[in-house]
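Q: Numbering (this note's numbering), first residue to last: 3 to 294. Where is the CB? At the ideal position from N, CA and C, for every residue including glycine. For clarity, every value in this text was computed on a predicted model and none was experimentally measured.
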Amino acid sequence: MGTLEGKSAIVTGSGRGIGRAEALALAAEGAAVIVNDVDADQAEAVAAEIAAAGGRASVSTEDVATWAGAEAVVEQALDEHGRLDVLVNNAGILRDAMSFSMTEADWDDVIRVHLKGHAATSHFAGAHWRARAKAGEQPSGRIINTTSESGLYGLAGQVNYATAKAGIAAMTIVLGRELRKYGVTVNAIAPRARTRMTETVLAGLEPEEGRFDEWDPANIAPVVAWLAGDDAADVSGQVFVVFANRLHLMDGWDLANTIETEGRWTIDEFRARKAELFADRSSGLPRMGFGS
Ligand SMILES: NC(=O)c1ccc[n+]([C@@H]2O[C@H](COP(=O)([O-])OP(=O)(O)OC[C@H]3O[C@@H](n4cnc5c(N)ncnc54)[C@H](O)[C@@H]3O)[C@@H](O)[C@H]2O)c1
């Protein structure tokens with residue numbers, strides 16, 4: 003028996019890369035999976051792969067970054083499986099450029115696919131779980147979002163993507179708070195893997211015969227399958243960096259220091275107390291990441 007037997011799942015953007023590995027893993031644990039991707043051929047191939055391995059899968063080619071597309075994919079899960087338990091928001095694109103060179107289309111496309119593509123599906127899935135809870139059922143919904151270290155640390159050259167991914171980290175906590183009373187958990191992963199999206203930056207890090215392939219997208223999937231299952235019912239609002247054989251639990255914005263004055267601040271007082279404010283910290287740009 004798999005840990006997701008009898009459950010119904012959607013994985014957006016699962017025609018290739020990390021989403022494909024996640025869809026395969028959820029299906030291997032017994033979930034019936036909607037393989038969603040705007041690339042129909044890729045989605046068909048993944049659904050066929052799942053069926054060949056004895057799993058249940060069907061294809062959705064909806065653009066999840068529209069309210070209509072998101073509604074259709076959620077409806078498909080309900081029509082075909084009678085229920086929805088797991089929503090993995092994974093679909094994504096890159097249009098990298100420095101902020102001063104970025105086009106309006108690069109900005110809009112990336113913000114739309116990532117931010118709206120997470121919000122729209124979560125809207126319809128959340129409405130479904132809320133309705134079930136109000137009807138007296140006890141849903142155990144799961145939303146697993148996909149953020150990025152680019153968004154957590156602010157990578158130069160990706161102002162559109164990093165902004166969207168930081169928004170997804172914030173969205174994860176908001177959705178977690180809003181849906182908690184309906185039995186839904188919401189978490190986010192920030193993966194690192196070799197996919198179409200990263201193949202140019204990871205050139206030279208090809209798998210070596212006989213060695214554990216740290217960059218295989220399949221390394222990301224078990225965490226998602228675990229978060230999707232009953233054991234993770236008490237895990238919500240969390241962000242994990244997932245790479246190779248390591249799972250990093252992240253801590254978000256937190257208070258660093260407070261200084262206080264009598265009445266309203268003056269610029270002279272800030273000048274005088276700047277060293278106290280920053281204490282032993284740098285007042286410059288924050289560090290970029292934590293290595294591997
Ligand atoms: N690969 C990495 O190291 C890495 C790092 C951090 C975050 N991520 C995130 O992981 C997720 C998966 O990325 P990947 O590396 O597997 O990329 P990928 O390009 O291999 O796969 C993304 C898939 O999403 C699909 N897609 C794009 N827009 C869509 C839409 N509107 N509706 C439905 N499907 C759509 C694409 O057709 C594609 O098949 C993305 O959200 C990405 O930002 C990846």
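1. Within 10 angstroms of the Cβ of L177, are there 16 or more other Cβ atoms? Answer buried if so, exposed if not.
2. Check the C-beta distance from V35 over to A29 and give it rounded, since I have them as a contact under 8 Å.
3. Please say whether D87 and S10 have beta carbons closer to each other than 8 Å?
4. Thinking C-alpha only, which one of A227, E151 and A158 is nearest A25?
5. Just to check my reading of the structure: V13 and V40 have Cβ atoms closer than 8 Å, yes? What is that Cβ distance to the nearest angstrom?
6. Below 7 Å, is the gap between the Cβ of V61 and the nearest heavy atom of ligand 1?
7. In terms of residues, what are the limits of the beta strand (DSSP E) holding L144?
8. Which one of E31, A135 and A195 has the shortest CA to CA distance from T148?
9. Grab the span of the beta strand (DSSP E) containing L181 for me, first residue to last.
10. Can you grab the Cα-Cα spacing for the pair A156 / A164, in whole Å?
11. What are the partner residues of R194, as DSSP defines its beta bridges?
12. Report the option in E7, G4, Y184 and L257 whose CA atom is closest to the CA atom of R283.
13. Looking at C-alpha atoms only, which residue of Q140, G239 and E262 is the closest neighbour of A172?
14. In this structure, what does DSSP give as the bridge partners for N189?
15. Does the Cβ of S62 have 16 or more other Cβ atoms within 10 Å, making it buried, or fewer, making it exposed?
16. Using CA coordinates, which residue listed in E180, S142 and V243 is at the minimum distance from L6?
A: Let me lay it out:
1. With a 10 Å radius around the Cβ and a threshold of 16 neighbouring Cβ atoms, L177 comes out buried.
2. Between V35 and A29 a beta carbon distance of about 5 Å is seen, short of the 8 Å cut, so the two are scored as contacting.
3. Less than 8 Å separates the beta-carbon of S10 from that of D87.
4. With distances taken between Cα atoms, A25 lies closest to A227.
5. Contact check for V13 and V40: beta-carbon distance about 13 Å, past the 8 Å limit, so the pair fails to qualify.
6. Not a single heavy atom of ligand 1 lies less than 7 Å from the C-beta of V61.
7. The sequence given here has Arg at residue 144, not Leu. Counting along the chain, the unbroken beta strand (DSSP E) around R144 starts and ends at R144 to T148.
8. Comparing Cα positions, the closest option is A195.
9. Not the beta strand (DSSP E): L181 falls in the alpha helix (DSSP H), residues V161 to L181.
10. Residue identity check: residue 156 is Gly in the sequence provided, not Ala. Taken atom to atom, the span from the alpha-carbon of G156 to that of A164 is near 6 Å.
11. According to DSSP, which records beta bridges pairwise, R194 is partnered with F245.
12. Closest option to R283, Cα to Cα, is L257.
13. Here the closest residue by C-alpha is G239.
14. Beta-bridge pairing links N189 to I146.
15. Taking a 10 Å sphere around the C-beta of S62, we find 16 or more other C-beta atoms and assign the residue as buried.
16. Taking only the C-alpha atoms, the option nearest L6 is S142.
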